[in-house]
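In this text, residue positions in the sequence shown follow my numbering: the first is 342, and each later residue adds one.
The C-beta atom is built at its ideal place from N, Cα and C for all residues, glycine as well.
Let me begin by presenting the structure, written as structure tokens, before commenting on it.
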Amino acid sequence: MESIMHNPNKTKNRVPTDRELTSLRAIASRKKELLNGFDAQISVAQATYAEIVARHEKQLAVLESILSELAAAKQYMAMLQVQRATVDNEMNEICGVLHPIRRMPTETLRHIFEETLEASRRPKLWQAIQLSHVCQHWRAVALNAPTLWTNIVINFAKPLDYITEYWNWAAERVKMVPADISFYDIGGKLRAGDTPWIHDQWQRRKLAACSLLRIPIIHKLFIEAGYHYPTLEAFSMITEFPNGELESLGLSGQAPERLSEITSWDWSAFLHRFPASKALVLDYLGVLSFSQTTPFSLLQDLSIGSKTEFETLELLPLCPKLERLTIDGGSAFYRNHQNHTPITMSTLTTLKVTEYGDFSWDAPLNFPSLSTLVFDSIPGPPDEFFGFLTNHPSIFDLEIFTEQLDLTRLAAAAPQLTKLTLSLHEGSLNAFLDWTSTSLQGPAFPQLHVLELNWITLKLGEFDRFIQTRCLPATHEKSGLPSDCRPLQKWVVTLPKGYVASQFLAEATTNTENNSDTHKTCLSWL
342 MESIMHNPNK TKNRVPTDRE LTSLRAIASR KKELLNGFDA QISVAQATYA
392 EIVARHEKQL AVLESILSEL AAAKQYMAML QVQRATVDNE MNEICGVLHP
442 IRRMPTETLR HIFEETLEAS RRPKLWQAIQ LSHVCQHWRA VALNAPTLWT
492 NIVINFAKPL DYITEYWNWA AERVKMVPAD ISFYDIGGKL RAGDTPWIHD
542 QWQRRKLAAC SLLRIPIIHK LFIEAGYHYP TLEAFSMITE FPNGELESLG
592 LSGQAPERLS EITSWDWSAF LHRFPASKAL VLDYLGVLSF SQTTPFSLLQ
642 DLSIGSKTEF ETLELLPLCP KLERLTIDGG SAFYRNHQNH TPITMSTLTT
692 LKVTEYGDFS WDAPLNFPSL STLVFDSIPG PPDEFFGFLT NHPSIFDLEI
742 FTEQLDLTRL AAAAPQLTKL TLSLHEGSLN AFLDWTSTSL QGPAFPQLHV
792 LELNWITLKL GEFDRFIQTR CLPATHEKSG LPSDCRPLQK WVVTLPKGYV
842 ASQFLAEATT NTENNSDTHK TCLSWL
């Protein structure tokens, strides 16, 4: 390693030699030249810095001036916006006075109000109140337009004074226009400090204040018992019933937690105290019992809701004009009486059994005019369902919602279908594509016009094969349509992944505008 050389002048006080002096003077001269060069460069740098500082101060002055102008312009703009808003409000008031709607005849304005309510999805009463608060003239027109106030809703949890005032006001407004009346929470909840007897008296006074006889024409009537009050006792409080006819009557009981307290009650006498209605909705009422044979002569639409059960052979024969039956979470049971004479209901055209609903498919009932059947069953249709289909060849429109389905068995039971909606997670479409591989004697659903598939996603090959087999008309050069089978007029389906590579999709007429499910497409090759 090279040793470090130390400067002897830093460690010793000695007198330099002549040679050393000569060398040091030469070195000092060169360093002097370097210092002079540094001084010159520093002078230039200082001059440059001074110039930059001067320019910076000048720019700061310009920026300060701009900021001042900006603040003034912003303040002026804000002032103009405030003034514009004031003038705009004044202009709107003037335009409001000049608007032709202010000069419209009262009848025309009333008609506009009525059409506005029909087109909107907002609650009818809320809209009517908004219209009546615009101005004094509109208020007068709105208050004298009975159709605006026909939706009368009474919550019996409200105080008696409130209910009485509102009912008197509503009864005065509706005049001779058909009204829709809803009674909620009849019976209410026992308040702290009240005895059951006092509570019942208050509830009866509230019902007495809402005299249905004061409403000349009732279109729809809905009555709901309170959650905290026994259903049958709540309905027993009703002592006054409307006159005339009803378009619809709805009765609803308690929440399911309290239904165990409801015993069988003869509903015949109670329901017949109401005017005859075309539609009847029964919900949360437990087991229904009908002892009287008096028919519901006008009933066309019957809906049985959740936690409500009835004996099919007891109720349905009392509905000679029934056209639509919906089991929406309820149950229509059959006690399996031996040798019971079959009952024919020639007017029924639509039967809907929704999710969690139950229908006695094996009951001795015959619906010769039944054309539409909707069935929602999570575990899959029972054996009796297929027997029901076989016994009702009049069914042409079938909707099935289920986890899995034997399509071959369905095709054998209802070959006459012209419209079929399938919503299933598991199931093979082979009955459509190759009936020879099944137990069918011919193509599945040969008369089918419309097929809708929900929850089913086909692969591209299956998609094209289905089109070739069931959608392309026989005149198409690549059609594989069986000779005794009609091509589908409409096929509603979810397009498969990579559908752009389909052999036939480009030839189809597509339509998704009228389809509520944006993931499905309506296809046709006709």
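Alpha carbon of residue i to alpha carbon of residue j, nearest angstrom
| i | j | result |
| --- | --- | --- |
| Glu456 | Arg555 | 26 Å |
| Cys436 | Pro557 | 41 Å |
| Leu692 | Ser718 | 14 Å |
| Leu411 | Arg425 | 21 Å |
| Glu361 | Phe379 | 27 Å |
| Asp642 | Met445 | 42 Å |
| Val694 | Lys619 | 20 Å |
| Trp776 | Thr685 | 35 Å |
| Glu405 | Arg371 | 51 Å |
| Pro734 | Tyr625 | 34 Å |
| Ala772 | Asn852 | 26 Å |
| Ala469 | Tyr525 | 21 Å |
| Lys861 | Glu848 | 17 Å |
| Ala753 | Ile741 | 15 Å |
| Thr816 | Asp747 | 31 Å |
| Leu867 | Cys476 | 57 Å |
| Leu666 | Gly821 | 40 Å |
| Thr358 | Gln382 | 36 Å |
| Ile368 | Val356 | 18 Å |
| Ala402 | Leu472 | 60 Å |
| Phe454 | Gln809 | 54 Å |
| Asn677 | Lys760 | 32 Å |
| Thr731 | Phe651 | 25 Å |
| Arg514 | Leu484 | 7 Å |
| Phe737 | His681 | 28 Å |
Beta-carbon proximity of residue i to residue j, cut-off 8 Å
| i | j | result |
| --- | --- | --- |
| Val482 | Leu439 | no |
| Leu714 | Leu739 | yes |
| Leu629 | Thr653 | no |
| Gln757 | Gln782 | no |
| Ser578 | Gln544 | Per the sequence shown, residue 578 should be read as Met rather than Ser. Yes, the Cβ-Cβ distance between Met578 and Gln544 is below 8 Å. |
| Lys561 | Ser593 | no |
| Val841 | Leu864 | no |
| Leu553 | Pro583 | yes |
| Ser638 | Pro661 | yes |
| Pro616 | Gly591 | no |
| Phe786 | Leu813 | no |
| Ser780 | Thr749 | yes |
| Gln830 | His790 | yes |
| Ile668 | Phe700 | yes |
| Gly670 | Gly627 | no |
| Gly839 | Leu799 | no |
| Lys530 | His474 | no |
| Ser843 | Trp796 | no |
| Leu640 | Trp606 | no |
Own chain, CB closer than 8 Å to residue i, minus 5 neighbours either side, in chain order
| i | result |
| --- | --- |
| Arg532 | His540 |
| Trp702 | Pro723, Glu725, Phe726, Gly728, Phe729 |
| Lys819 | Gln809, Leu813, Gln844, Phe845 |
Beta-bridge pairing of residue i - partner residues as DSSP gives them
| i | result |
| --- | --- |
| Thr743 | Ser718, Leu765 |
| Asp521 | Asn492, Lys561 |
| Phe700 | Ala673 |
| Ala566 | Ile527 |
| Leu587 | Ser618 |
| Gly627 | Thr649 |
| Asn707 | Thr685 |
| Thr713 | Thr691, Asp738 |
| Lys760 | Asp738, Val791 |
| Cys863 | Val833, Asn852 |
Cβ shell of residue i (< 7 Å), same chain only, five flanking positions each side left out
| i | result |
| --- | --- |
| Lys547 | Phe497, Leu501, Ile504 |
| Ser687 | Pro709, Ser710 |
| Thr635 | Ser609, His613 |
| Ala575 | Ile527, Gly528, Ala566, Gly567 |
| Ala511 | Trp490, Ile493 |
| Arg806 | Leu774 |
| Cys826 | Pro784, Pro787 |
Contacting residues, own chain, Cβ-Cβ under 6 Å from residue i (five flanking each side not counted)
| i | result |
| --- | --- |
| Glu793 | Thr762, Val833 |
| Pro683 | Pro705, Asn707 |
| Arg811 | Phe773, Leu829 |
| Leu656 | Phe631 |
| Thr743 | Ser718, Gly721, Leu765 |
| Ser672 | Glu650, Asp699 |
| Leu659 | Pro636, Phe637 |
| Thr850 | Ser865 |
heavy atom of the ligand NAD below 7 Å from residue i C-beta
| i | result |
| --- | --- |
| Ser672 | As presented, the structure is devoid of all ligands, the ligand NAD included, so that no description of it is given. |
Worksheet item: Which residue spans inside the stretch 430-488 form an unbroken beta strand (DSSP E) run of at least 3?
Response: For the stretch 430-488, not a single whole beta strand (DSSP E) run of length 3 or above is found.
Item to complete: Kindly provide the ranges of any alpha helix (DSSP H) runs that are 4 or more residues long and lie completely inside the stretch 637-666, ordered along the chain.
Response: Those alpha helix (DSSP H) runs which fall completely within the stretch 637-666 and span 4+ residues are 653-656.
Worksheet item: Which runs of the beta strand (DSSP E) spanning at least 3 residues fall entirely within the stretch 767-824, listed in chain order?
Response: Runs of beta strand (DSSP E) with 3 or more residues, each lying fully within the stretch 767-824, are found at 791-795, listed in chain order.
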